[in-house]
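To start, the structure under review is shown below, and the notes come after it.
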Amino acid sequence: MYNIKLLNNISDIIYTQLTPDTFQITEDLENAHGVMVRSANMRDMELPSKLLGIARCGAGVNNIPLDKCTKQGIVVFNTPGANANAVKE
3 MYNIKLLNNI
13 SDIIYTQLTP
23 DTFQITEDLE
33 NAHGVMVRSA
43 NMRDMELPSK
53 LLGIARCGAG
63 VNNIPLDKCT
73 KQGIVVFNTP
83 GANANAVKE
């Protein structure tokens, strides 16, 4: 079971995309294996030792401390173009 911490309000669709037998949403950053973030500034946050990855729900990663993540072996990825249809409309 992987614990996922949501740092911002994320679309409710996330609850249908994360299979409940593998993932659960947690409020506790210290026990999170993954973090999903939109705009929250993570630069001054202490990153827990069990954190495996950070998903930036958007295009940039300027709110994520890439140097800390690199040192701790934390994978960081973003979702460029995820809101392209909404922007187009």
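Counting in the working numbering, the sequence shown runs from 3 upward without gaps.
Note that beta-carbon positions come from the ideal geometry of N, C-alpha and C, so glycine has one too.
query                                                                                                     : result
M3 beta carbon less than 9 Å from that of T24                                                             : yes
Residue environment, K7, which counts as buried when at least 16 other CB atoms sit within 10 Å           : buried
N43, buried or exposed, once every other Cβ within 10 Å from all chains shown has been counted against 16 : exposed
Complete runs of the beta strand (DSSP E) confined to the stretch 53 to 82 [at least 3 residues]          : 55 to 58 and 77 to 80
Reduced DSSP category for L31 - H, G, I as helix; E, B as strand; rest coil                               : helix
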